[in-house]
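S.K.: Numbering (this note's numbering), first residue to last: 355 to 468. Okay, handing you the structure first.
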């Protein structure tokens, strides 16, 4: 069974569909598992039809890359900077990255997967 919430990497793909603003925050999954909720936004899967994106905002249609956070921090398709939400920062640095000495860091350079 899928957890009801999870810390995830959320990147807006911008006008060029390549690189945009990124965040690391806690998302909530719908009961059906078909949508993801983050802050006041709802995202649904592009079901493989996106270009460098996998979800879209149901209200605006904007495309996003949303994925689980990697232990090595290489969450982005292309290098960018991500803000870590205050409510998940401690858990992110300790449980996901295994770097408790970085708890005070709230903005990081996210390396590319490639």
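Yeah, the Cβ is synthetic: ideal placement off N, Cα and C, and Gly gets one too.
1) Give a yes or no on whether the C-beta atoms belonging to residue 419 and residue 455 are separated by under 8 angstroms.
2) In chain order, which beta strand (DSSP E) runs of at least 3 residues are fully inside the segment 411-450?
3) What residue range is occupied by the uninterrupted beta strand (DSSP E) comprising residue 463?
4) Please work out which residues of its chain come closer than 8 angstroms, Cβ to Cβ, to residue 427, disregarding the five sequence neighbours upstream and downstream, and give them in chain order.
5) Compare the C-alpha of residue 412 against each of 397, 429 and 453 and name the closest.
M.R.: In terms of the structure at hand:
1) What you label residue 419 is simply residue 65 of the chain shown in a count that begins at 1. What you label residue 455 is simply residue 101 of the chain shown in a count that begins at 1. 8 angstroms or more divides the Cβ of residue 419 from the Cβ of residue 455.
2) Qualifying beta strand (DSSP E) stretches, in chain order: 417-422 and 434-438.
3) The residue you call residue 463 lines up with position 109 of the chain shown. Note, residue 463: beta strand (DSSP E), 461-464.
4) Looking up residue 427 in the chain shown gives position 73. Cβ neighbours of residue 427 beyond the five flanking positions: 451, 462, 464 and 465.
5) Stepping through the chain shown from its first residue, residue 412 is reached at position 58. For residue 412, the nearest C-alpha among the options comes from 397.
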